[in-house]
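Residue numbers for the sequence shown follow my numbering, so the first one is 765 and each next one is one higher. Glycine included, C-beta positions come from ideal geometry on N, C-alpha and C. Below: the structure, in structure tokens.
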Amino acid sequence: MEDWKYDELLKAVKETYEDCIADKLSYRHAVAKTFYEFETVCNEGKTESLLVHTALGEILLHHEKVFIGNIEAITEELTNVNFDKLQHELTPEEIEDLSKRINRVLKGLECVQIDYSPIA
């Protein structure tokens, strides 16, 4: 991760989402806009993509309903992570924290109410 620190990226995703909500966007529009805003960051590397998807997953766990497309995108990204490949970019403490966050998101997304409507 050249441009971001671990905590900094997680915080930036959440702040972007919160800014969207403060701008009176619906939670679905806010998630969509946040995904869009961080698309280029996700393309910077696997670690960046994992952090963005984890942060968005944590946000979605607090929503009444979650769009199936978001669930699928996050689940696909967070499933079968090779944490050994992250050792050159994250500290052992960050890897442990990320692992816990990913597990919490994946388990939580199994329990959310699914929204099949693509209209935000």
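Distance CB(residue i)-CB(residue j) smaller than 8 Å
i	j	result
Asp879	Lys797	no
Met765	Glu822	no
Val795	Asn834	yes
Val869	Ile838	yes
Gly872	Leu825	yes
Where residue i sits in the DSSP three-state scheme
i	result
Asp879	strand
Lys829	strand
Glu853	coil
Glu858	helix
Asn846	coil
Gly809	coil
Neighbourhood of residue i by C-beta, 6 Å cutoff - its chain only, sequence neighbours within 5 removed
i	result
Tyr781	Ala794, Thr798, Ile823
Chain-order list of residues whose beta-carbon lies under 7 Å from that of residue i (same chain, five-residue window excluded)
i	result
Leu820	Val777, Val795, Thr798, Phe799, Ile838
Ile866	Thr818, Leu842, Val845
Three CB pairs or more closer than 8 Å across the segment 770-790 and the segment 811-821: yes
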